[in-house]
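Going by my numbering, the letters in the sequence shown line up with residues 22 to 834, in that order.
All residues carry an ideal CB built from backbone N, CA and C; glycine is no exception.
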Amino acid sequence: MTLFYLGLAWLLGVASASFLSPPLSVLVILAMPGVGALLMWLRERAPRLFALCWLILLASAARTVLATPSYASDHLTAYRDTGEQVTVIGVVDAEPDIRDTFQLVRIRAESIAFGNEATAQTEAVHGWLLVRVARYPTHLYGERLRLTGRLATPRVFPDFDYRDYLARQGIYVVMYYPRVRVLDQGQGSPLWHALYDLRQQLSTVITRILPEPHAALLTAILLGKRSGIPTSLYAQFNATGTSHVIVISGSNIAILCGVLLAVVTRLAGRRIALSVSLLGIVVYVLLAGADAPVVRAAIMGGLYVLALRFGRRAEVRTSLMSAAALMTLINPAWLRDPGFQLSFSATAGLIWLVPLLEEVLNRWLSRLRGAAALLSGLLGDGLVVTLAAQIATLPVIAYHFGRVSPVSLLTNVLIVPVQPLIMLSGAMATLSGLLWLPAGQVLGWLSWLPLTWTIRCVEFTAHIADMAGTGPLDTFGRISVTLGAALLVAILSLTLDRQRMLLTKVSGTFARSRPSTRLSLTLSGMGLLLALSAHYSLPDGRLHVAFLDVGQGDAILITTPRGGRILVDGGPAPSAVLAALGRRIPFWERTLNWVVNTHPESDHLAGLIAVLERYQAKQVLISPVETRSALYTAWDTLLQRSGIRHVVGQSGMRIDTSDGVSIEVLHPASSSRYAHVNEYSLVLRVTLGNVRFLLTGDITAEVEHTLLDRHVDLKADVLKVPHHGSTTSSSPAFLQAVQPRIAVLSVATDNALGLPAEEVLQRYQAMDIPVMRTDQNGTVEFITDGKQLWTRMERAHFPFEADDAIAHTSRLQ
Numbered sequence: 022m023t024l025f026y027l028g029l030a031w032l033l034g035v036a037s038a039s040f041l042s043p044p045l046s047v048l049v050i051l052a053m054p055g056v057g058a059l060l061m062w063l064r065e066r067a068p069r070l071f072a073l074c075w076l077i078l079l080a081s082a083a084r085t086v087l088a089t090p091s092y093a094s095d096h097l098t099a100y101r102d103t104g105e106q107v108t109v110i111g112v113v114d115a116e117p118d119i120r121d122t123f124q125l126v127r128i129r130a131e132s133i134a135f136g137n138e139a140t141a142q143t144e145a146v147h148g149w150l151l152v153r154v155a156r157y158p159t160h161l162y163g164e165r166l167r168l169t170g171r172l173a174t175p176r177v178f179p180d181f182d183y184r185d186y187l188a189r190q191g192i193y194v195v196m197y198y199p200r201v202r203v204l205d206q207g208q209g210s211p212l213w214h215a216l217y218d219l220r221q222q223l224s225t226v227i228t229r230i231l232p233e234p235h236a237a238l239l240t241a242i243l244l245g246k247r248s249g250i251p252t253s254l255y256a257q258f259n260a261t262g263t264s265h266v267i268v269i270s271g272s273n274i275a276i277l278c279g280v281l282l283a284v285v286t287r288l289a290g291r292r293i294a295l296s297v298s299l300l301g302i303v304v305y306v307l308l309a310g311a312d313a314p315v316v317r318a319a320i321m322g323g324l325y326v327l328a329l330r331f332g333r334r335a336e337v338r339t340s341l342m343s344a345a346a347l348m349t350l351i352n353p354a355w356l357r358d359p360g361f362q363l364s365f366s367a368t369a370g371l372i373w374l375v376p377l378l379e380e381v382l383n384r385w386l387s388r389l390r391g392a393a394a395l396l397s398g399l400l401g402d403g404l405v406v407t408l409a410a411q412i413a414t415l416p417v418i419a420y421h422f423g424r425v426s427p428v429s430l431l432t433n434v435l436i437v438p439v440q441p442l443i444m445l446s447g448a449m450a451t452l453s454g455l456l457w458l459p460a461g462q463v464l465g466w467l468s469w470l471p472l473t474w475t476i477r478c479v480e481f482t483a484h485i486a487d488m489a490g491t492g493p494l495d496t497f498g499r500i501s502v503t504l505g506a507a508l509l510v511a512i513l514s515l516t517l518d519r520q521r522m523l524l525t526k527v528s529g530t531f532a533r534s535r536p537s538t539r540l541s542l543t544l545s546g547m548g549l550l551l552a553l554s555a556h557y558s559l560p561d562g563r564l565h566v567a568f569l570d571v572g573q574g575d576a577i578l579i580t581t582p583r584g585g586r587i588l589v590d591g592g593p594a595p596s597a598v599l600a601a602l603g604r605r606i607p608f609w610e611r612t613l614n615w616v617v618n619t620h621p622e623s624d625h626l627a628g629l630i631a632v633l634e635r636y637q638a639k640q641v642l643i644s645p646v647e648t649r650s651a652l653y654t655a656w657d658t659l660l661q662r663s664g665i666r667h668v669v670g671q672s673g674m675r676i677d678t679s680d681g682v683s684i685e686v687l688h689p690a691s692s693s694r695y696a697h698v699n700e701y702s703l704v705l706r707v708t709l710g711n712v713r714f715l716l717t718g719d720i721t722a723e724v725e726h727t728l729l730d731r732h733v734d735l736k737a738d739v740l741k742v743p744h745h746g747s748t749t750s751s752s753p754a755f756l757q758a759v760q761p762r763i764a765v766l767s768v769a770t771d772n773a774l775g776l777p778a779e780e781v782l783q784r785y786q787a788m789d790i791p792v793m794r795t796d797q798n799g800t801v802e803f804i805t806d807g808k809q810l811w812t813r814m815e816r817a818h819f820p821f822e823a824d825d826a827i828a829h830t831s832r833l834q
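Here you go:
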């Protein structure tokens with residue numbers, strides 16, 4: 022226990038110095054009595070330990086003081102917040118964090134220049150700089166960049182100290198959207214080049230064997246890359262207290278280490294297994310990026326599992342404290358990091374609380390007699406571990422985030438037991454796919470099931486949490502959780518008495534069966550679930566037109582009666598459109614018959630680049646207009662490189678499918694000339710039988726009048742509201758010509774553009790045209806057999822009924 026107390030003293034010293042910032046001279050003076058006491062009671066155990074703890078406390082305080090940054094004149098911080106444009110030359114020092122609409126790039130600065138390029142004064146500098154740049158072109162580790170912009174101090178937000186967050190990573194300066202020029206490539210460490218290339222290959226394999234958001238979730242769990250997870254899903258993980266699942270944590274390391282120990286011990290003995298396990302942890306940490314959370318998880322998780330594996334349960338506490346001390350020796354600022362505190366408290370909960378909770382649970386389960394074996398096998402470990410971690414981390418969550426999820430325990434109990442299966446099946450599928458993609462795709466189906474379970478459970482319980490309210494539990498939340506728990510206990514009590522004999526028989530038979538038999542039963546069950554999922558994904562003989570909820574932009578998925586798929590636009594966020602497609606396209610399917618871009622604005626085009634990288638498009642239909650944006654350049658480059666047949670749309674073109682669906686291009690005409698890119702939007706009419714859909718892109722009133730002047734038949738049952746409800750479109754004459762039974766508006770909640778305009782909504786209301794909105798109703802899907810039209814919404818909202826299926830009789834002519 023000596024190391025335990027010394028580690029505790031170290032942590033106390035770091036904590037006290039973080040708040041007090043004592044001068045080094047004071048620490049030296051305070052150390053003198055400790056040195057004297059140590060020499061005086063060198064042979065007395067208790068006084069000696071106390072003196073050592075005192076000296077360790079002061080040493081850690083000194084380490085913390087010395088780690089506090091002192092900005093020299095040649096540090097980047099000397100040039101921030103001046104309002105002056107500067108030019109910084111530096112090297113991309115880490116793998117860029119790629120988001121939907123931008124990249125975050127960490128730069129190791131080399132020099133800074135002032136003034137214009139001809140008369141610039143250049144000085145050598147050092148320090149790290151975090152730069153936010155446009156999504157395209159994508160930057161790579163090792164590039165040397167010239168950045169021209171303004172240096173600033175990171176901001177402090179009301180609910181998040183971004184400045185302190187970056188400071189813990191050694192970053193004190195940021196730059197937003199500078200002019201960027203690539204000067205050179207191939208800088209940096211060859212080792213990191215190889216590791217980042219391998220990480221990218223593994224990420225690509227995952228995206229090719231799984232749909233979204235499953236691929237993004239598995240990438241986060243295995244590789245620690247979370248940027249691909251849709252914002253809404255990420256928020257749901259936070260709301261349900263399960264965000265630990267999507268970060269590299271001690272549990273990931275524990276699973277890896279446990280599997281390696283079990284397998285290698287059987288093959289080569291315990292000593293070799295230990296070496297292989299430690300090597301495996303190092304390789305995994307490097308593949309996961311080796312950032313601070315991953316290193317912390319590796320140290321904590323690895324020491325904890327190894328101590329348990331080799332029968333030293335009493336030393337686990339010492340291992341935990343030693344690991345924490347070692348990490349704060351590397352970087353004292355980690356002690357303030359919420360991630361460090363959550364990892365430490367969760368591991369402490371496993372050490373101190375699990376034995377107590379196991380005893381309580383076993384006493385309760387013993388009263389259930391025959392059902393105890395089955396319940397303990399199904400719920401016991403997951404419930405105990407989850408409850409211990411939840412209790413231990415509750416103060417940290419409440420302190421840092423100011424809220425406690427009322428559904429955290431329930432959600433964790435539901436999803437934690439399947440996380441080892443996700444890691445193992447996902448790793449097998451990824452490695453197999455790296456060698457031979459078809460093998461990875463087949464194995465990926467096995468990981469698709471637990472990933473789907475995790476996502477659905479989080480979404481469901483997040484909805485409950487939203488109903489109960491966020492933050493500290495209010496009266497409604499407390500009553501709901503209490504009644505729910507009481508109802509669950511009542512159901513179990515009534516059911517177990519009647520099913521005790523059956524449960525006993527099933528649990529006993531399953532427990533006594535051979536490992537091969539259990540594996541066969543498990544795989545058979547998963548195969549049955551996959552078969553059922555495949556069956557319900559088959560075409561139903563009807564046309565489906567889904568206006569996807571992708572934020573402030575358009576994305577429309579058309580599914581023909583026999584399963585053909587046409588995607589019209591991709592919205593502004595790749596993660597959103599990929600997740601929406603993943604929900605509506607069978608998990609094994611990677612083909613789109615047509616991809617259509619109505620016009621090359623970011624809110625219609627940005628998501629399509631990611632779609633073409635994930636799905637095989639047979640043909641692409643594009644607008645005749647081109648732009649000079651980096652986004653359009655990336656799109657055009659992708660089309661040329663991929664060799665996909667792409668056609669420029671113009672009025673008179675028609676696509677006919679083999680199952681009776683026709684898609685006609687009504688605009689633009691080949692002779693059209695307009696001032697704005699929106700006016701070149703493709704206008705499409707989708708028809709099956711007597712049911713029509715009019716898809717209008719972002720056309721303006723000028724284009725609407727052009728269509729009327731050309732006497733184009735615009736009548737349609739469903740109208741996609743032009744230009745997201747802007748005042749520049751939806752003219753009364755146009756609406757009178759279309760005469761829609763219903764209109765759909767693709768728009769984001771509380772968007773910066775203030776769309777839809779109230780004037781436009783009143784125009785639709787005056788003509789008695791109901792409007793469905795993706796910001797209020799979520800994805801809006803229309804289903805038709807060519808005679809009748811049904812509507813399905815993710816979320817019901819006035820003036821529509823709560824029932825998700827609303828029948829509308831189409832116009833029969």
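Contact belief for residue i with residue j at Cβ below 8 angstroms, rounded distance in angstroms
i	j	result
Gly572	Pro595	Gly572 to Pro595, Cβ: 11 angstroms. No contact.
Leu633	Leu659	6 angstroms
Ala134	Ala141	4 angstroms
Ala354	Ala88	7 angstroms
Leu187	Gly148	So it is not a contact: roughly 12 angstroms between Cβ atoms.
Residue interval of the alpha helix (DSSP H) (run including residue i)
i	result
Arg84	66-88
Arg605	595-605
Trp609	Looking at the DSSP string, Trp609 is not in any alpha helix (DSSP H), and its letter there is neither H nor E.
Arg784	779-787
Thr851	The structure shown does not extend to residue 851, since the chain spans only 22 to 834, so no value can be given for it.
Gly262	Here Gly262 belongs to no alpha helix (DSSP H), and DSSP marks it neither H nor E.
Met674	First-last for Met674: undefined, no H or E at that position.
Gln760	Run containing Gln760: none; DSSP gives neither H nor E here.
Ile587	Here Ile587 belongs to no alpha helix (DSSP H); instead the beta strand (DSSP E) covers 586-589.
Arg357	First-last for Arg357: undefined, no H or E at that position.
Thr143	Careful: Thr143 lies outside any alpha helix (DSSP H), inside the beta strand (DSSP E) at 142-145.
Residues near residue i in its chain [Cβ-Cβ closer than 7 angstroms; skip 5 each side]
i	result
Val698	His620, Pro621, Glu622, Val646, Thr648
Leu550	Leu470
Thr800	Ala567, Phe568, Leu569, Asp570, Ala601, Glu815
Leu435	Cys478
Distance CB(residue i)-CB(residue j) smaller than 8 angstroms
i	j	result
Leu244	Ala309	yes
Ala256	Arg247	no
Leu33	Leu78	yes
Val617	Ile665	no
Ala130	Leu151	no
Gly111	Gly163	no
Val7	Ala409	Lying outside 22 to 834, the shown extent of the chain, residue 7 is not represented and no answer is given.
Val759	Leu735	yes
Phe71	Arg338	no
Pro761	Ile790	yes
Leu166	Leu223	no
Close Cβ partners of residue i (< 6 angstroms) along its chain, the five nearest in sequence each way excluded
i	result
Asp495	The predicted model places Asp495 with a pLDDT of 44, which falls under 50 and marks its position as unreliable, so this point remains unresolved.
Asp719	Asn699, Ser702, His744
Thr252	none
Thr286	Ala294
Arg184	Pro175, Val177
Short CB-CB distance (under 8 angstroms) between residue i and chain C
i	result
Gln661	Looking at the structure shown, chain C is missing, and only one protein chain is on hand.
Terminal residues of the beta strand (DSSP E) in which residue i lies
i	result
Arg153	149-155
Thr748	Note, Thr748: premise wrong, no beta strand (DSSP E); not H, not E.
Thr708	704-709
Same chain, Cβ closer than 8 angstroms to residue i, neighbours up to 5 away in sequence not counted
i	result
Thr104	A small correction: the amino acid at residue 104 is Gly; Thr does not occupy that position in the sequence shown. The answer, listed in chain order, is Arg171.
4-residue-minimum alpha helix (DSSP H) runs that sit fully inside the stretch 159-218, ordered along the chain: Taken in chain order, the whole alpha helix (DSSP H) runs of length 4 or more contained in the stretch 159-218 are 183-188.
Mind listing, in chain order, the continuous beta strand (DSSP E) runs of no fewer than 3 residues lying wholly within the stretch 545-571? Listed in chain order, the complete beta strand (DSSP E) runs (minimum 3 residues) inside the stretch 545-571 are 564-568.
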